[in-house]
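Undergrad: Sequence order for the protein chains is A and B. Counting in the working numbering, the first sequence runs from 38 upward without gaps. Counting in the working numbering, the second sequence runs from 35 upward without gaps. Beta carbons are placed, not taken as given, at the ideal position from N, Cα and C, and that holds for glycine.
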Amino acid sequence: MQSAVEVKGLTRVFEPKKKKEGKSVTALNKVDLRIARGELFGLLGPNGAGKTTLLKILSTLLLPTAGKAFVAGFDVEKDFTEVRKRINMVSGGEISGYGLLTVKENLWMFTQFYGMKSSVAKQRIDEMLAQFGLADKKDEKVRTLSTGQRQKMNVIRGFVTDPEIIFLDEPTLGLDVNASRVIREFIVDWVQAKDNRTVLLTTHYMMEADQLCDRIAIIDDGRILACDTPENLKKLVKMNRTLKLDVTSLKDTSKFGSLTGVEQFTFQDDAEKDQTHLKFILTDDSAVTEIISEVQSKGARILSLQKTEPTLEDVFIKMVGKGFE
Amino acid sequence: MTDTWLVTNLRAIRGRAYPRVIGSKRELSWLFFDITLPLLTVSAYAYIYKYIQAPDEFVGFVILGGAMTAFWLNILWMMASQLYWEKEIGNLQLYLIAPISRMSILAGMAVGGLFMTAIRASATMVIGVLLFGIVLSFAQPVMLILIFVVTMISLYGMGMMFASLYLLLGREAYHLSNLLTEPVYLASGLYFPVKALGFWAAAGASIIPITLGLDALRQLFYPGSGAEYGFLSVNTELAILAVLCVAFLWLSKYSLDYMEKLGKTTGRLTLRWQ
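Structure representation (structure tokens):
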């Protein structure tokens, strides 16, 4: 199947405006990447890692210094018109549009740049405004919107033209929990609604990447350091996974230490509460099922369960050598 | 998408023209600033001509010049600097990733600006004519329309070319707008017949379409005045304006393509605060 995005040896060097103003900066350094159609792909990296530069090249706003980039099978340098027919882009903190236009007018204006028929565009805008809870704001001037409402409008602007591939550059940047949640849910629903829809998302938020993305590439200093599913990326980190259980008083704990996948086992009886606290260090997640079965076979009842495992942040720190600034 | 390239681009022109058209309805402060203030300037010149007992045509020349001033100011302060502002507010990159000709965006700006400015210029004309009791001839309506249309296309073609150049110049472009405001009032003969500057000065100023367009309109509104006050014959001016039309539209396309290529190469096309 044809890739949504394919990047081969992509390099981008920014030269200073004048020689004496500083050194050249390599924003992307021989990047190779392939994103399949239908994927929700995340690009995770600190400021200046090269995420936005990559997005700008893929969205035909910037030329690579070396290497090749293809979007929907088209070369971004030579076939940029074909690329543009199939893409759209939304950036976090975007202030696009005109403040004196209403929300609906503003969105309509952008649909016209994609040649959408007015009646179709207006119907789709109404539907999406309702979906984002902005229906009552459609006749309000854009300049009266809050940051969250404005960003929802920007997201609608990007999706209303129904692109095959959408580039989202930190779309929930600076938004409150509710606005972020609405946008994240929409993105997931949108990708799943049709087979060939693809999202390339850059984000600072580990949780967002973990929650949304099928695969994630970690980028730093213009290089892709790792690229895999969130689960597989987490496996790269040699870190103990722990399982803590509070159960009703348990007399026999002799078998827990020898269960497959359990590296270490400790317990503590709490006579006052008539409970036993169990703590396991696991080498294999499959041990969780066996532990629960063993607890139940002893006639005890599970009161609480807590499992900790490596996060994307741990993966990121391992790869990049530092956390986000 | 089954629509043709032409339909898509016509929709884009309509889309980009819309904010300008609707803006004239929503921000009514322009009624005072863009009609009353130019009328004060026009009135000052009109009273000077009346006081020195200049021929009656001169008051009409001034009012026509005042109306055309609105178009020149629109070109300099709205059209030319618009792409730079679009970059600053983040719209430019959204225009550039759209599957349309960049000329459609500029054409949309031009159509919107022309519509808005035409209302202002008409208001200046109507109030000026009523205030000073001017009588204009409409003996050649087709030629009047033709001259006006060709002047506007070439003038806004020039504005479209400026828009690309200003984008490259960034904030420094404001100095250029300042530089081109008052001197053009003089060079294009906005308040007097350009012929008074002498042949070579008037010929040089003819690169600005408003110079010949205004001169031709004055000759048409005042039949018979051409021999004494007209710079070139109306037909010659029409022919030159037609050439300017093609030249400025081509140059605007060329400069826009050049600007986009340069911007994509240097990476400064969508960088703000340049």
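Alpha carbons only, please: which of D351/A, E43/A and N66/A is nearest the one belonging to F78/A?
TA: Start at 1 with the first residue of the first sequence, and residue 78/A comes out as number 41. Among D351/A, E43/A and N66/A, the Cα nearest to that of F78/A belongs to E43/A.
Undergrad: So if I threshold CB-CB distances at 8 Å, which residues from the segment 52 to 76 of chain B count as touching chain A?
TA: Those would be Y52, P53, I56, G57, R60 and E61, in chain order.
Undergrad: By the criterion of Cβ-Cβ separation under 7 Å, what are the contact partners of S96/A in chain B?
TA: Locating residue 96/A in the first sequence gives position 59, counting from the first residue. Going along chain B in sequence order, the residues near S96/A (Cβ under 7 Å) are I131.
Undergrad: Taking the straight line between their C-alpha atoms, what separation do you get for L203/B and H209/B?
TA: The sequence position of residue 203/B within the second sequence is 169, counting from 1. The sequence position of residue 209/B within the second sequence is 175, counting from 1. Between L203/B and H209/B, the C-alpha separation is close to 10 Å.
Undergrad: Taking the alpha-carbon positions, what's the W307/B to K298/B distance?
TA: Counting from 1 along the second sequence, the entry for residue 307/B is found at position 273. Counting from 1 along the second sequence, the entry for residue 298/B is found at position 264. Residue placement at W307/B is flagged as unreliable, the pLDDT there being 48, under the threshold of 50; a coordinate-derived value is accordingly withheld.
Undergrad: Report the residue from L70/A, K60/A and L349/A whose alpha carbon sits nearest the alpha carbon of S40/A.
TA: As a first step, residue 40/A is located in the first sequence; it is residue number 3 there, counting from the start. Cα-wise, what sits closest to S40/A is L70/A.
Undergrad: Flag this pair as touching only if the segment 117 to 124 of chain B and the segment 165 to 175 of chain B have three or more C-beta atom pairs under 8 Å; answer yes or no.
TA: No, because fewer than three Cβ pairs between the segment 117 to 124 of chain B and the segment 165 to 175 of chain B fall closer than 8 Å, the two stretches do not touch.
Undergrad: For the putative contact between M293/B and L201/B, defined by C-beta atoms under 8 Å, what is the C-beta separation to the nearest angstrom?
TA: Start at 1 with the first residue of the second sequence, and residue 293/B comes out as number 259. Start at 1 with the first residue of the second sequence, and residue 201/B comes out as number 167. The Cβ separation is near 6 Å, so the contact holds.
Undergrad: Does DSSP put H241/A in a helix, in a strand, or in coil?
TA: Position 204 of the first sequence, counted from the start, is the residue given in the question as residue 241/A. Coil, per DSSP.
Undergrad: Just to make sure I have the definition right: I need the residues of chain A whose C-beta is within less than 8 Å of the C-beta of A46/B. Which are they?
TA: The count along the second sequence starts at 1 and reaches residue 46/B at position 12. Simply Q149, F150 and G152.
Undergrad: For M126/A, list the residues DSSP reports as bridge partners.
TA: Here residue 126/A corresponds to residue number 89 of the first sequence, with the count starting at 1. In DSSP, M126/A forms a bridge with F204/A.
Undergrad: Which stretch, first to last residue, makes up the alpha helix (DSSP H) that contains N125/B?
TA: On the second sequence, position 91 is the one that residue 125/B refers to. N125/B -> alpha helix (DSSP H) spans N125 to L130.
Undergrad: Between L138/A and chain B, is the shortest Cβ-Cβ distance under 8 Å, so that the two count as touching?
TA: Translated into the one-based positions of the first sequence, residue 138/A becomes position 101. It does: the Cβ of L138/A has a partner Cβ on chain B nearer than 8 Å.
Undergrad: Does the segment 221 to 231 of chain A come within contact of the segment 257 to 268 of chain A, defined as at least 3 CB pairs closer than 8 Å?
TA: No, the segment 221 to 231 of chain A does not touch the segment 257 to 268 of chain A.
Undergrad: Quick check: is the beta carbon of I123/B nearer than 8 Å to any beta carbon in chain A?
TA: Locating residue 123/B in the second sequence gives position 89, where the first residue counts as 1. Output row for I123/B: interface = yes.
Undergrad: Can you tell which of G129/A, T63/A, L144/A and V332/A has its C-alpha closest to the C-alpha of D213/A?
TA: Numbered from 1 along the first sequence, position 176 holds the residue referred to as residue 213/A. Closest option to D213/A, Cα to Cα, is G129/A.
Undergrad: Between K316/A, F111/A and K272/A, which has its C-alpha nearest F293/A's C-alpha?
TA: As a first step, residue 293/A is located in the first sequence; it is residue number 256 there, counting from the start. Looking at the Cα atoms, K316/A is the closest of the given residues.
Undergrad: On the three-state DSSP scale, how would you describe T185/B?
TA: By one-based count along the second sequence, residue 185/B stands at place 151. Three-state DSSP puts T185/B in a helix.
Undergrad: Starting from the N-terminal side, write out each stretch of the beta strand (DSSP E) that is 3 residues or longer and does not extend beyond the segment 252 to 299 of chain A.
TA: Runs found: 252 to 257, 260 to 265 and 278 to 285.
Undergrad: Which parts of the segment 148 to 186 of chain B are runs of the alpha helix (DSSP H), unbroken and 4 residues or longer, counting only runs that do not cross its ends?
TA: Fully enclosed alpha helix (DSSP H) runs of 4 or longer: not present.
Undergrad: With A41/A as the anchor, note down where its alpha helix (DSSP H) starts and where it stops.
TA: Counting from one through the first sequence, the residue named residue 41/A turns up at place 4. Element bounds for A41/A: not the alpha helix (DSSP H) but the beta strand (DSSP E), S40 to F51.
Undergrad: Interface residues of chain A around T42/B at Cβ under 8 Å?
TA: Residue numbering aside, residue 42/B sits at position 8 when the second sequence is read from its first letter. In chain order: Y151 and G152.
Undergrad: Considering G104/A, what are the terminal residues of the beta strand (DSSP E) in which it resides?
TA: To locate residue 104/A, count along the first sequence from 1; it is residue 67. Unbroken beta strand (DSSP E) run through G104/A: A103 to V108.
Undergrad: At 7 Å on the CB atoms, spell out the chain A contacts of G301/B, in chain order.
TA: Within the second sequence, residue 301/B is the residue found at index 267, counting from 1. Within chain A, the residues near G301/B are F51 and L99.
Undergrad: Tell me the DSSP secondary structure of Q186/A in three-state form.
TA: Position 149 of the first sequence, counted from the start, is the residue given in the question as residue 186/A. Q186/A: helix per DSSP, three-state reduction.
Undergrad: Using a Cβ cut-off of 8 Å, pull out every chain A residue sitting near D37/B, in sequence order please.
TA: Here residue 37/B is taken as the residue at index 3 of the second sequence, counted from 1. Chain A residues near D37/B: G152 and K154.
Undergrad: Report the start-end ranges of each alpha helix (DSSP H) in the segment 181 to 263 of chain B that is 4 residues or longer and not cut off at the edges.
TA: The qualifying runs are 207 to 221, 233 to 239, 243 to 255 and 260 to 263.
Undergrad: Hey, how far is the Cα of W111/B from the Cα of R54/B?
TA: Position 77 of the second sequence, counted from the first residue, corresponds to residue 111/B. Position 20 of the second sequence, counted from the first residue, corresponds to residue 54/B. Approximately 14 Å, taken between the alpha carbons.
Undergrad: To which residues of the same chain is E245/A closer than 7 Å at the C-beta, ignoring the five residues directly before and after it?
TA: The residue you call residue 245/A lines up with position 208 of the first sequence. T209 and R221.
Undergrad: Does any heavy atom of the ligand GTP sit closer than 7 Å to the C-beta of L62/B?
TA: Within the structure as shown, the ligand GTP is missing, as the structure has no ligands at all.
Undergrad: Beta-carbon within less than 8 Å of I244/B's beta-carbon, same chain only, minus the 5 sequence neighbours each way: which residues are those?
TA: Reading the second sequence from its first residue, position 210 is the one you call residue 244/B. Contacts found: M102, F105, W106, T185, L189, V218, S222 and L224.
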